[in-house]
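Chains R and E are the protein sequences, given in the same order.
Residue -19 is where the first sequence starts when you use the numbering used here, and the numbers rise one by one after that.
Residue 21 is where the second sequence starts when you use the numbering used here, and the numbers rise one by one after that.
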Amino acid sequence: MSVTERLGLVDMDGFREDVRAFLSTSLTAEMREAADRQAGIYADPDLARDWHLTLYQKGWITPSWPVAYGGTGWTAAQRLTFEVECAAANAPVLPAMGLQMCGPVLIGHGTDEQKARFLPRIRSAEDYWCQGYSEPGAGSDLASLRCRAVRDGDDYVVNGTKIWTTHAQFANWVFLLVRTSSEGPQQAGITFLLAPMDSPGLTVTPIISMSGEHEVNQLFFDNVRVPVALRVGAENNGWEVAKYLLQFERGGAAAGGRPLRLLRSISALMQDAAGEPEHVVHSPQFRRRLTLLEIELSATMWTQRRALSAVASGDPMGVTASSILKLKATEMTQMASELALEALGPFASVDQSVAAVGPVAGRSVAARYLNMRAVSIFGGSSEVQRTILGKELLRR
Amino acid sequence: MSDAQESRAILKDMLRRMLSNRQGEGDMMARWRQLRDELGLLAAPLPEARGGLGGGFADSALIAEELGCWLMPVPFVATSVIAIGLFDALSREDLSDQVVSGDILPVPALMEDGRVMRVRPTATMLREEDGVLRLRGRKELVEDVDMASHLLVPACADRSGEPLLLLLPAALPGMGWSRYRLLDGREAATVVFDDITIAPDAVIGRGEADWQRFEAVLDRAMVATCAEALGLMRAMLGQTVDYVKQRRQFGKTIASFQVVQHRLADMLIEVEQAASVTAMAVQALPDPIAASTAKARTSQALRFVAQNAVQLHGGIGTTEELALSRYFKRAMLLETQYGSAEQHLARVERLREVERSLIG
């Protein structure tokens, strides 16, 4: 069994070779090097755009979408293979908000007009989306959100705030959850809207993360008018739409993507330390932890592969898989970022945003360690995921 | 209460009062001067005959813990524990007095290769030629270089290979400096000695006996670092307890969730275990096994407590705005300062092997 097979990937009809051939010619050395310098959750817009358009021209930008909307028609295993190969080749991490969140939501719940208007522009990178879900008082308890939309003629008038909005400063559109009713259960009064970021009354305030970077924001809605035509799904049915998206957010992408990219930087640091026998990366303890991480990675990739077939056959695994995969992706990402930190050693204390110091392979390591603290918090915290799993298990 | 306990309580109270209303204000040098001159922080651990409180290293640990608690990363360990500790050990009280008075501020320049924490020098060479001393080599990650007047530099003699301890003025001509910033906002540098000439009296220690003294001083620095880490942990746990009691989700405080309570319990256990190994090492000094035991265990605890403090704060815990993020980054530094958990576990294993072989 080859390494990639252990990661849950079987080469079918030379598919993997095709992907590799494409990556070796289209993913330029400049892009790979630029991707090495990225420390955030997603690649910076310029880099992301270069890679996005490369995939778009190849026809591979939205493999998971139905063929009618621009999908590739690949099997689930092929899609995973593609993602893993991209991660292994150090392709930039594309923002998920349009491609993996808003796009699938519109395909599942949008009107024909919405689909025709927005889907092509997500694919072509003409639109840049951000996600307006969390609020200062509604994090893990998302359903308690209070950002309010009141119907006024053909518009909703939106007032309130959204927080942790990744890349809102680059986005021209936001999809958001708003409260349209206070009657009945909280979940039953939520509506899903789309709004242009240049809407009058909508302002963006930066939030600087502890790595010193500006990746997330707070949005303020002051009497922002959103046409009813930009509502996705029925009024007060937004929670169903959101749940669909959350499932996608948690289990849609290859769980091994981030850990694989971090493992690359660990390998580079190990090479850098080759001539230094006292370096921690040569210790059996470090090697053992690396091996344990690699084992977890292959287990998780196979969990994902099994989940993809289980969904098709109605197996209960399909229900729990998205939480399992979110948890495992999170834990592996954080473990890999810790191992990278240890592999870098004392230079991890340097603020590399001021001056580049120490091994080239270590430049993004500390910032990534800091930024990856958030992966166990966003998209449903690890505590929330475990509650979902426990409840589901006890419900059976 | 014994005299020592009483004076320690007074010291702690004074420190708290001075630190509690000055968090994050003014530049580090101004804050350091105030602590040094108004509070007499450097003199505190010294014998009463030399103007101190006579509490010895226990007072150093107490001060370090308070500095950690209030996130005050002043060069206390570098000056009080390392510089004064070494000067006293070499019977150079004249130099210690200059540190106490603020006339000099020496910082250690320990690492020849920033990738590994190895103190014993192999590439920082001192050569004697026609009665002139010339130094060649480099040191990475020298901290607080913006405040330092002198560097404390371990080197080796080029012919004999014997270890040397040098005290060099930071302004010595011919030193190459590349400066950068650390995650906790302090300044550090890589310093290159490109065949520079040094004065004969810059050599303050020489030979194995002096080197052993220096290693013993570094063990104390390690334990003082554990105490500072303990202060950080106590503060982070306290901030987290306060936060979960006021943060509401699902119609109740998140403190009412058992998963949150259990996590807090695990954090508390780590803090207490770290407090215990640190107290043990303070008592056991100059035992190197105890010092490394404390550093290994405390570094582990520090990572756990820091990570979970952020986790329980949720999104707000990952922002620069919250003081917690500055504690988190300081914790990252202290985790590897004077050696990581992994390195000290290895040292404990090595030293225990020697001990066992001696017992037979």
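From the three backbone atoms N, C-alpha and C, an ideal C-beta is built for every residue, glycine too.
Exercise for review: Could you name the residues of the region 255 to 269 of chain R whose beta carbon sits closer than 8 Å to any beta carbon of chain E, in the order they occur along the chain?
Suggested key: Going along the region 255 to 269 of chain R in chain order, one finds Glu256, Glu258, His259, Val260, Ser263, Gln265 and Phe266 with a Cβ nearer than 8 Å to chain E.
Exercise for review: Report the residue from Lys95(R), Val154(R) and Ala233(R) whose alpha carbon sits nearest the alpha carbon of Asp178(R).
Suggested key: Ranking the options by Cα distance to Asp178(R), first place goes to Val154(R).
Exercise for review: Compare the C-alpha of Ile21(R) against each of Phe62(R), Gly(-6)(R), Ala68(R) and Ala76(R) and name the closest.
Suggested key: Checked all of Phe62(R), Gly(-6)(R), Ala68(R) and Ala76(R); the closest Cα to Ile21(R) is Ala76(R).
Practice item. Check whether the region 287 to 299 of chain E touches the region 139 to 154 of chain R, counting contact only when three or more Cβ pairs, one atom from each stretch, lie closer than 8 Å. Key: With the cut-off at 8 Å, the region 287 to 299 of chain E and the region 139 to 154 of chain R do not touch.
Review point. When you check each C-beta in the region 220 to 241 of chain E against every C-beta of chain B, which residues fall closer than 8 Å?
Key: Of the protein chains in this structure, namely R and E, none is chain B.
Exercise for review: Please determine, among Val165(E), Val152(E) and Leu250(E), the residue with the shortest C-alpha to C-alpha distance to Cys89(E).
Suggested key: Measuring from the Cα of Cys89(E), the nearest candidate turns out to be Leu250(E).
Review point. What residue range is occupied by the uninterrupted alpha helix (DSSP H) comprising Gln135(R)?
Key: Reading off the sequence shown, one finds Asp at residue 135(R), where the question assumed Gln. From DSSP, Asp135(R) is part of no alpha helix (DSSP H) but of the beta strand (DSSP E) over Asp135 to Ile143.
Check your understanding: Can you list, in chain order, the residues of the region 94 to 106 of chain E whose Cβ is nearer than 9 Å to any Cβ on chain R?
Key -> If the cut-off is 9 Å between Cβ atoms, the region 94 to 106 of chain E has nothing near chain R.
Exercise for review: Kindly indicate which three-state DSSP category Ala48(R) falls into: helix, strand or coil?
Suggested key: Reduced to three states, the DSSP call for Ala48(R) is helix.
Check your understanding: Does the beta carbon of Ile188(R) sit closer than 9 Å to a beta carbon anywhere in chain E?
Key -> So yes, Ile188(R) belongs to the interface.
Practice item. Pull up the distance between the alpha-carbon of Glu68(E) and that of Met190(R), whole angstroms please. Key: Looking at the two C-alpha atoms, the distance is approximately 44 Å.
**Study point:** In DSSP terms, what Arg128(R) is bridged to
**Key:** Looking at the DSSP assignment, Arg128(R) forms a beta bridge with Asn139(R) and Arg159(R).
**Study point:** Burial state of Arg103(R) (16 or more Cβ within 10 Å)
**Key:** Buried, because 16 or more other Cβ atoms sit within 10 Å of the Cβ of Arg103(R).
Review point. Gln167(R) to Met250(R), Cα distance in whole Å?
Key: Across the structure, Gln167(R) and Met250(R) are spaced so that their CA atoms are roughly 49 Å apart.
Review point. Going along the region 327 to 351 of chain R in order, which residues come within less than 9 Å of chain E, judged by CB to CB distance?
Key: Cβ contacts with chain E come from Phe327, Ala328, Ser329, Val330, Asp331, Gln332, Ser333, Val334, Ala335, Ala336, Val337, Gly338, Pro339, Gly342, Ala346, Tyr349, Leu350 and Asn351.
Point to revise | Neighbour-count burial assignment, Gln118(E), 16 or more Cβ in a 10 Å radius | key: Classification of Gln118(E): buried, given that the 10 Å Cβ count is 16 or more.
Check your understanding: How close, in whole Å, do the beta carbons of Val302(E) and Ala78(E) come, if the pair is a contact with beta carbons under 8 Å?
Key -> Right, their Cβ atoms sit about 6 Å apart.
Check your understanding: Under a three-way DSSP split, which group does Tyr108(R) fall into?
Key -> Under the three-state reduction of DSSP, Tyr108(R) is assigned to coil, being neither helix nor strand.
Review point. Going by Cα to Cα distance, which pick from Cys176(E), Leu91(E) and Met167(E) is closest to Glu207(E)?
Key: Ranking Cys176(E), Leu91(E) and Met167(E) by Cα distance to Glu207(E) puts Met167(E) first.
Practice item. Verify the CB distance criterion: does Leu155(E) have a CB-CB separation below 9 Å to chain R? Key: Using beta-carbon distances, Leu155(E) does not count as an interface residue toward chain R, since no partner is under 9 Å.
Exercise for review: Measuring only between beta-carbons, confirm whether Arg366(R) sits less than 9 Å from chain E.
Suggested key: Residue-level contact check: Arg366(R) touches chain E, since one or more beta carbons of chain E fall below 9 Å from its beta carbon.
**Study point:** Integer Cβ distance of Ser329(R) from Leu202(E), believed to fall under 8 Å
**Key:** Leu202(E) and Ser329(R) do touch by the CB rule: their CB atoms are close to 5 Å apart, below 8 Å.
Practice item. Could you name each continuous beta strand (DSSP E) segment of 3 residues or more that falls completely within the region 75 to 152 of chain E, going from the start of the chain to the end? Key: Counting whole runs of 3 or more residues, the region 75 to 152 of chain E contains the beta strand (DSSP E) stretches 126 to 128 and 145 to 149.
**Study point:** Closer than 9 Å to chain R by CB, Gln320(E)
**Key:** Output row for Gln320(E): interface = no.
Point to revise | chain E contacts made by the region 140 to 160 of chain R, where a contact means CB separation under 8 Å | key: Under the 8 Å Cβ criterion, the region 140 to 160 of chain R contributes Ile143 and Trp144.
Review point. What alpha helix (DSSP H) runs, 4 residues minimum, are completely inside the region 269 to 317 of chain E?
Key: Whole alpha helix (DSSP H) segments, 4+ residues: 278 to 304.
Review point. Looking only at C-alpha atoms, which of Leu378(E), Ala24(E) and Arg53(E) sits nearest to Gly74(E)?
Key: Minimum Cα distance to Gly74(E) is reached at Ala24(E).
Review point. Taking only runs of the alpha helix (DSSP H) that begin and end inside the region 284 to 350 of chain R, which ones reach a length of at least 4 residues, in chain order?
Key: 297 to 324, all fully within the region 284 to 350 of chain R.
Review point. What is the DSSP secondary structure of Ala96(R), counted as helix, strand or coil?
Key: Residue state for Ala96(R) is assigned as helix, using DSSP reduced to three classes.
**Study point:** For Pro180(R), the first and last residue of its enclosing beta strand (DSSP E)
**Key:** No beta strand (DSSP E) contains Pro180(R), which DSSP labels as neither H nor E.
Review point. Ile246(R) CB to nearest chain E CB: under 9 Å?
Key: Cβ-Cβ to chain E under 9 Å: no for Ile246(R).
Review point. Going straight from the alpha carbon of Ser100(E) to that of Glu372(R), what length do you get?
Key: Whole-angstrom Cα-Cα distance: 58 Å.
Practice item. Pull up the DSSP beta-bridge partners for Pro189(E), would you. Key: For Pro189(E), which the question treats as bridged, DSSP gives the partners His170(E).
Point to revise | Cross-chain neighbours of Leu161(E) in chain R, by beta carbon under 8 Å | key: Pro326, Phe327, Ser329 and Val330, listed in chain order.
Review point. Apart from the five residues just before and just after Arg323(E), which ones in its own chain have a Cβ nearer than 7 Å to its Cβ?
Key: Glu355, listed in sequence order.
Point to revise | Local Cβ density within 10 Å of Pro46(R), reported as buried at 16 or more and exposed below that | key: Label assigned to Pro46(R): exposed.
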